[in-house]
Amino acid sequence: MVKAHFDNIRQYILEELDKANEKIVVAVYWFTNHTLFQKLIAKVVEGIRVELIVHNDYINNRATGLNFQKFIDSGGEFYFSDTFNPMHNKFCVIDDKVLINGSYNWTYYAEDRNRENILLIKEEQETINAFITEFERLKSLTEKVEEIQPLTKFEIDEFNLLRTRDYLANDIVFQAKATGDKSLVNSAFELAPENIAVQKTAFDLKLTDKFRLKHSIGSSLKDDGYKIIVPKGSFIPVSEAAIVVTVSDNQTTSEATIHYGENPIASQNKQFAKMKISGLPRKGAGLAKMKYHFTIDIYGNLRMEKYSLDNGVRQNMIKKITGLLEKVEE
Numbered sequence: 000m001v002k003a004h005f006d007n008i009r010q011y012i013l014e015e016l017d018k019a020n021e022k023i024v025v026a027v028y029w030f031t032n033h034t035l036f037q038k039l040i041a042k043v044v045e046g047i048r049v050e051l052i053v054h055n056d057y058i059n060n061r062a063t064g065l066n067f068q069k070f071i072d073s074g075g076e077f078y079f080s081d082t083f084n085p086m087h088n089k090f091c092v093i094d095d096k097v098l099i100n101g102s103y104n105w106t107y108y109a110e111d112r113n114r115e116n117i118l119l120i121k122e123e124q125e126t127i128n129a130f131i132t133e134f135e136r137l138k139s140l141t142e143k144v145e146e147i148q149p150l151t152k153f154e155i156d157e158f159n160l161l162r163t164r165d166y167l168a169n170d171i172v173f174q175a176k177a178t179g180d181k182s183l184v185n186s187a188f189e190l191a192p193e194n195i196a197v198q199k200t201a202f203d204l205k206l207t208d209k210f211r212l213k214h215s216i217g218s219s220l221k222d223d224g225y226k227i228i229v230p231k232g233s234f235i236p237v238s239e240a241a242i243v244v245t246v247s248d249n250q251t252t253s254e255a256t257i258h259y260g261e262n263p264i265a266s267q268n269k270q271f272a273k274m275k276i277s278g279l280p281r282k283g284a285g286l287a288k289m290k291y292h293f294t295i296d297i298y299g300n301l302r303m304e305k306y307s308l309d310n311g312v313r314q315n316m317i318k319k320i321t322g323l324l325e326k327v328e329e
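FYI, in numbering that gives the first Met the number 0 the residues of the sequence shown are 0 to 329.
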């Protein structure tokens with residue numbers, strides 16, 4: 000039995016979830032709806048096994064979003080999909096007997112604004128089993144999450160993979176793969192020049208030359224310490240991030256030098272930039288957090304960003320580092 004629904008979708012899903020006696024598995028790209036979420040938690044509390052996979056971006060993973068930690072602590076099994084290969088499904092299987100599948104994200108926007116659909120599928124065991132198998136495969140591509148680390152609003156763009164410009168750039172890369180025309184990838188890079196994920200996809204598909212970093216790149220720390228951010232030998236393109244904290248009470252400014260080299264003493268490595276942000280919140284030593292986000296694109300441009308995770312003050316800098324790259328022959 001297959002039945003299509005185009006209106007009141009949330010209610011149909013709630014009714015089917017309510018009937019669950021043993022197990023619920025949900026794979027949905029975006030999940031913001033509290034009513035559906037509370038139903039899942041209620042089923043967990045009843046002793047039903049509930050497994051949930053969602054995409055790890057700011058829409059899902061934010062302090063003001065759904066309390067996925069409560070879901071985990073209640074006994075639910077939770078997974079974030081791979082940020083570079085996002086799980087874009089929207090399906091649910093109940094007791095291995097009922098399949099809900101369609102365009103509908105479990106969000107308020109999908110319910111109240113979009114034109115969506117679901118198929119409610121029963122007594123079609125071959126199809127249902129295929130989705131069960133796919134859910135297990137999706138789980139195998141990620142790791143079970145025990146502790147949620149919410150993204151801040153200042154990290155909102157880091158995993159935002161479905162912007163129009165970036166989507167088209169990715170599409171062009173896969174066109175290059177399908178047609179064997181590697182010349183297409185340059186137009187993709189020009190369309191989204193700062194999107195390292197697009198370049199990484201092209202690299203993984205063997206559509207670009209292969210370069211790697213000859214020296215580690217990092218930041219100075221207190222007492223001439225050195226924190227490596229992008230390790231030696233990293234293949235280009237690359238994107239790396241690191242968290243640092245203030246070292247004194249009421250520190251409102253953070254200044255550091257950027258180096259390349261392997262020595263644990265910063266000053267023993269070659270310095271090539273300085274980064275400074277001001278306006279940090281007055282907190283105790285070690286309580287104000289800052290994030291470095293370094294990317295190196297296929298053209299040898301190192302984009303360095305340092306910003307406060309408390310209030311968003313930041314500095315951005317670009318350096319050409321082609322001299323630090325070496326070509327790797329296949």
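Each residue gets a CB set at the ideal place from its N, CA and C atoms; glycine is no exception.
**OP:** Tell me where the beta strand (DSSP E) around L301 begins and ends.
**Re:** Per DSSP, the unbroken beta strand (DSSP E) holding L301 starts and ends at 300-307.
Original post:
Secondary structure at V184, three-state DSSP: helix, strand or coil?
Top reply: Note: V184 maps to helix in three-state DSSP.
**OP:** Pick helix, strand or coil for G217, following the three-state DSSP scheme.
**Re:** In the three-state reduction of the DSSP assignment, G217 falls in the strand class.
Subject >> Rounded separation between F70 and K42 - CA only >> reply: If you draw a straight line from the Cα of F70 to the Cα of K42, it is about 10 Å long.
Original post:
Contact between the region 169-189 and the region 200-211: three or more CB pairs below 8 Å?
Top reply: With the cut-off at 8 Å, the region 169-189 and the region 200-211 touch.
**OP:** Would you mind reading off the limits of the beta strand (DSSP E) that contains I37?
**Re:** Note that residue 37 corresponds to Gln in the displayed sequence, not to Ile. Per DSSP, Q37 belongs to no beta strand (DSSP E); it is in the alpha helix (DSSP H), 33-44.
**OP:** At 3 residues or longer, and completely inside the region 241-269: list those beta strand (DSSP E) runs for me, N to C.
**Re:** If we require 3 residues or more, the beta strand (DSSP E) runs fully inside the region 241-269 come out as 252-259.
**OP:** Can you tell me which of E76, R61, I93, T294 puts its alpha carbon nearest to the alpha carbon of I333?
**Re:** Because the chain here runs from 0 to 329, residue 333 falls outside it and cannot be looked at.
**OP:** Starting from the C-beta of T151, find all residues in its chain whose C-beta is less than 6 Å away, skip the five residues before and the five after it, and write them out in chain order.
**Re:** The beta carbon of T151 sits closer than 6 Å to the beta carbons of L308 from its chain, once the five residues preceding and following it are set aside; these are given in chain order.
Subject >> Beta-carbon contacts of Y57 that lie in its chain and below 6 Å, excluding the five residues immediately before and after >> reply: So the qualifying residues of the chain are L150, I155.
Original post:
Sorted by chain position, which residues of the same chain lie with C-beta nearer than 8 Å to K143's C-beta, five sequence neighbours on each side aside?
Top reply: Excluding residues within five positions, the ones whose Cβ falls inside 8 Å are E76, F77, Y78.
Original post:
How long is the line joining the alpha carbons of N194 and Y306, rounded to whole angstroms?
Top reply: In this structure, the alpha-carbon of N194 lies about 19 Å from that of Y306.
**OP:** Could you tell me if T245 is buried or exposed, where buried requires 16 or more neighbouring beta carbons within 10 angstroms of its beta carbon?
**Re:** Buried, since its Cβ has 16 or more Cβ neighbours within 10 Å.
**OP:** Quick one: measure Cβ to Cβ for I120 and N100, integer angstroms, because I've assumed they're closer than 8 Å.
**Re:** So it is a contact: roughly 7 Å between Cβ atoms.
Original post:
How would you write the range of the alpha helix (DSSP H) that N128 sits in, first residue to last?
Top reply: For N128, the uninterrupted alpha helix (DSSP H) run begins and ends at 124-139, by DSSP.
**OP:** Please list the segments of the alpha helix (DSSP H) lying wholly inside the region 49-116, counting only runs of 4 or more residues, in order along the chain.
**Re:** Correct list: 67-72, 107-111.
Subject >> Reference V53, options T294, S233, K282, N32, closest by Cα >> reply: V53 has its Cα closest to that of N32, out of T294, S233, K282, N32.
Subject >> Same chain, Cβ closer than 6 Å to F234, five either side skipped, listed in chain order >> reply: So the list reads R211, once near-sequence residues are dropped.
Original post:
Rounded to a whole number of angstroms, what is the C-alpha to C-alpha distance between I12 and Y107?
Top reply: Rounded to the nearest angstrom, the two C-alpha atoms are 14 Å apart.
**OP:** Excluding the 5 residues preceding and the 5 following I147 in the sequence, name in chain order all residues of the same chain whose CB lies nearer than 6 Å to its CB.
**Re:** Excluding positions up to five away in sequence, the list reads F67, Q68.
Original post:
What is the C-beta distance between V1 and L118, in whole angstroms, given that I count them as a contact (C-beta under 8 Å)?
Top reply: The Cβ separation is near 6 Å, so the contact holds.
Subject >> Residues that E239 bridges to, as DSSP identifies them >> reply: E239 is bridged to F293.
Original post:
Under the DSSP definition of a beta bridge, which residues are partnered with R336?
Top reply: Nothing in the structure corresponds to residue 336, since the chain is present only between 0 and 329.
**OP:** Drop a sphere of 10 angstroms on the beta-carbon of V229, count the other beta-carbons inside from all chains shown, and report buried for 16 or more, exposed for fewer.
**Re:** By the neighbour-count criterion, in which a residue is buried when 16 or more other Cβ atoms sit within 10 angstroms of its Cβ, V229 is buried.
**OP:** Spatial neighbours of A255 within its chain, please: CB distance less than 6 Å, with the 5 preceding and 5 following residues excluded, ordered by chain position.
**Re:** Once the five neighbours on either side are set aside, the close Cβ partners of A255 are S218, S219, M274.
Original post:
Would E328 be called buried (16 or more neighbouring beta carbons within 10 Å of its own) or exposed?
Top reply: By the beta-carbon neighbour count (other beta carbons within 10 angstroms, threshold 16), E328 is exposed.
**OP:** Starting from the C-beta of G232, find all residues in its chain whose C-beta is less than 7 Å away, skip the five residues before and the five after it, and write them out in chain order.
**Re:** Only R211, L212 meet the Cβ criterion.
Subject >> Extent of the continuous beta strand (DSSP E) run through A19 >> reply: For A19, no beta strand (DSSP E) run applies, since DSSP gives it neither H nor E.
Original post:
With distances taken from CA atoms, which of Y225, L140, F293 is nearest Q267?
Top reply: Residue Y225 is the option with its Cα nearest to Q267.
Subject >> Rounded C-alpha distance that separates F30 from Y103 >> reply: When rounded, the separation of the alpha-carbon atoms in F30 and Y103 is 10 Å.
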